[in-house]
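To keep things clear, I will list the structure first and then write my remarks on it.
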Amino acid sequence: MKIIISPAKQMKTANDFMKTRSLPPLLDKTEQILARMREFDRAGLKELFRANDRITEENYIRYQNMDLRNGLSPAVLTYQGLAFSNMAPQIFTKEQWEYVQKHLKILSGFYGILNAADGVIPYRLEMQTKLEVNGKQDLYEFWGEDIYRVLAEEIHEEAKQEKRSEDPAVILNLASKEYSRAIAPYVEKDISFVTCTFGEEVDGVIKVKGTFAKMARGQMCAWLAANQIDTLEGVKKFQESGYQYAEAYSSSKELVFLKS
2 MKIIISPAKQ MKTANDFMKT RSLPPLLDKT EQILARMREF DRAGLKELFR ANDRITEENY
62 IRYQNMDLRN GLSPAVLTYQ GLAFSNMAPQ IFTKEQWEYV QKHLKILSGF YGILNAADGV
122 IPYRLEMQTK LEVNGKQDLY EFWGEDIYRV LAEEIHEEAK QEKRSEDPAV ILNLASKEYS
182 RAIAPYVEKD ISFVTCTFGE EVDGVIKVKG TFAKMARGQM CAWLAANQID TLEGVKKFQE
242 SGYQYAEAYS SSKELVFLKS
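What follows is the structure in structure tokens.
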């Protein structure tokens, strides 16, 4: 089972906690994006990001001086948003670290796809940003199947090594629609793509609140790692923060968890 999760806008270099284990698998394409970003002046970058002067200046300097191979920190420690603060990787045990390094993948508009301990540098670039790169009209077109191919090749290689053929491999989607859209259209029939939804039932309707959903995604990652879960049946046992698996609202493609 592979778990995909969205990145966060907030990032902070965290190379004093542990060393990076590897470089991102699609770094050659990241270099193309970096070259494109360096073409923008401050005014162009401000328009692209729709950001204030402070954020624009910070990221203009970042991109002009960026080194993709030095001064890096592990991806899962570098992102600082709600999902990652609720995942709390800083307090992971050795076993949890080994789990997320094998199972967790972070999707990114800048890097494409990341392993937990891949070395990254702070950046600002969302997947939905209307950025044209090398003739591709946006980042979805630029990345194409590449993100999924990295994931699928790893899944198929592990299945071969573990001699698993009877059960379909699973991609557990804990990412937002903005990011899961970079993978979902390409998923092959021999892989199950299953989305987790976290919400509340209000008058018979499932309501999803973004802030709580982000927190729950991070909590689920930590819980999966703590319990070494690698099956969908195991995922259904998640009960953190008052959530319970709701079979009546779930399907083979969606696991719904409702807050009591």
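Residue numbers (the working numbering): 2 to 261.
Virtual Cβ for every residue (Gly too), placed ideally from N, Cα, C.
Taking V206 as part of the alpha helix (DSSP H), name the residues at either end of that continuous run.
-> Where V206 is concerned, there is no enclosing alpha helix (DSSP H), although the beta strand (DSSP E) it sits in stretches over 206 to 208.
Neighbour-count burial assignment, V203, 16 or more Cβ in a 10 Å radius | exposed
C-alpha gap between E248 and Q33, whole angstroms = 45 angstroms
When you compare only the Cα positions, how much space is there between G110 and E234?
-> 31 angstroms
In three-state DSSP terms, what is Y124?
-> coil
Could you give the uninterrupted runs of the alpha helix (DSSP H) lying entirely in the region 47 to 118, keeping only those of 4 residues or more?
-> 54 to 66, 76 to 79, 83 to 88, 95 to 104
Cβ separation of M67 and L35, assumed to be a contact under 8 angstroms, to the nearest whole Å | 6 angstroms
Helix, strand or coil at Q245 [DSSP, three-state] | strand
Could you give the DSSP three-state label for S181: helix, strand or coil?
-> helix
Residue closest to A183, alpha-carbon to alpha-carbon, out of Y149, Q91, A214, E201 | Y149
Between A15 and S74, is the Cβ-Cβ spacing less than 7 angstroms?
-> yes
Nearest CA to the CA of T198: which residue from G145, A214, T21, D17?
-> A214
Could you check what DSSP says for M38 in three-state terms: helix, strand or coil?
-> helix
In the structure shown, what three-state DSSP assignment does G145 receive?
-> coil
So, is L200 buried or exposed, given that buried needs 16 or more other C-beta atoms within 10 angstroms?
-> Residue identity check: residue 200 is Gly in the sequence provided, not Leu. Buried: at least 16 other Cβ atoms inside 10 Å.
For the candidate residues G120, E127, P169, Y250, whose alpha-carbon lies nearest to that of W144?
-> E127
Would you identify the three-state DSSP class for E163, choosing helix, strand or coil?
-> coil
Reference F208; option with closest CA among Q11, M216, R218, L259 | In the sequence as presented, Phe is not what sits at residue 208; that position holds Lys. Ranking Q11, M216, R218, L259 by Cα distance to K208 puts L259 first.
Simplified DSSP state of K3, which is helix, strand or coil = strand
Option nearest L69 by Cα separation, candidates I156, A160, T21, E58 | T21
For I6 versus A176, is the C-beta distance shorter than 7 angstroms?
-> yes
Identity of the residues DSSP links to S193 by a beta bridge = V171
Confirm, please, whether the CB-CB distance from T31 to Y141 is below 7 angstroms.
-> no
Beta strand (DSSP E) containing E234: first to last residue?
-> No beta strand (DSSP E) holds E234; the alpha helix (DSSP H) holding it covers 233 to 236.
With 16 other CB atoms within 10 Å as the buried threshold, where does I92 fall?
-> exposed
Using only alpha-carbon positions, find the residue among T79, T94, D42 that is nearest to Y61.
-> D42
Could you please give the first and the last residue of the uninterrupted beta strand (DSSP E) stretch that includes F213?
-> Per DSSP, F213 belongs to no beta strand (DSSP E); it is in the alpha helix (DSSP H), 211 to 228.
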